[in-house]
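For reference, the structure is listed below as C-alpha cells.
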Amino acid sequence: MAGLDWAAPDFSTLSRRQKTLNVNLPYRGGTGPMNLLIDSTGIKSEGEGEWNARKHGGSKRRIWRKIHIGIDEETLEVRAVEVTTRNVGDAPVLPELLNQIPPDQDVGSVTADGAYDTRKCHDAIAAHGAHGAHDVIPPRKNAKP
C-alpha cells in the first residue's frame, strides 16, 4: 500500500519478541495512601465455547486460568497482577500481589473478599504497613468466632 517492499513478521516472531519487551507504564498516583482492592476471576484460555460444550458435550480440554488483580481504589489503575492455574486459591497469591507494590508506596488499606481471610494474608498486609485491613476483609463463611 505504501510502496514499501518489507516483509511483515509472522506470529511466532512477534510472540517471541513480546517476551523480551520491558514496558514501564508510569503510575499517576493518587492523593494520600493507596487503598488497594484485590480480587480474582477465571478466564478461559483455550477450548470451544461453553454453549457448544454444554449443547454437544464438548471435549474436556477446556483450559481455565485465574487472574488475580490489585487496583488502586482512587485512580482505578491496575497495580498488581498474577495469573495462576484454576486450582490455586486466592489467599496464597495475596503476598505476591503485595510484593508488586513499590516499597515506597504507602498502603492505607487492602479490601478483599472473605477468601482472603487467613492469618497469612493478614500478616502479609500488616507487614506491608497497611492499616485497617481487618475492617475490609470480611470473615469467611465457615469462620469460627
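In terms of our numbering, the sequence shown has 53 at position 61, counting the first letter as 1, and numbering is strictly consecutive. We put the beta carbon where it would ideally sit given N, CA and C, even for glycine. Since this is a predicted model, take the numbers as computed values, not measurements.
**OP:** Report all residues from its chain with a CB closer than 6 Å to the CB of residue 113; omit the five preceding and five following residues, and keep chain order.
**Re:** 83 and 86
**OP:** Tell me, please, whether the region 84 to 103 touches the region 20 to 29 by the rule of three or more beta-carbon pairs shorter than 8 Å.
**Re:** yes
**OP:** Using beta-carbon positions only, say whether residue 115 and residue 130 come within less than 8 Å of one another.
**Re:** no
**OP:** Just mark residue 104 as buried or exposed, buried being the case when its beta carbon has 16 or more other beta carbons within 10 Å.
**Re:** buried
Original post:
Where do the N-terminal and C-terminal ends of the beta strand (DSSP E) with residue 132 fall, by residue?
Top reply: Neither: residue 132 is in no beta strand (DSSP E) and is coded neither H nor E.
Subject >> Extent of the continuous alpha helix (DSSP H) to which residue 111 belongs >> reply: 111 to 119
**OP:** Report the residue ranges of all alpha helix (DSSP H) runs contained in full by the region 57 to 83; include only those spanning at least 4 residues, in chain order.
**Re:** none
Subject >> Outcome for residue 64 when other beta-carbon atoms lying within 10 angstroms are tallied against a minimum of 16 >> reply: buried
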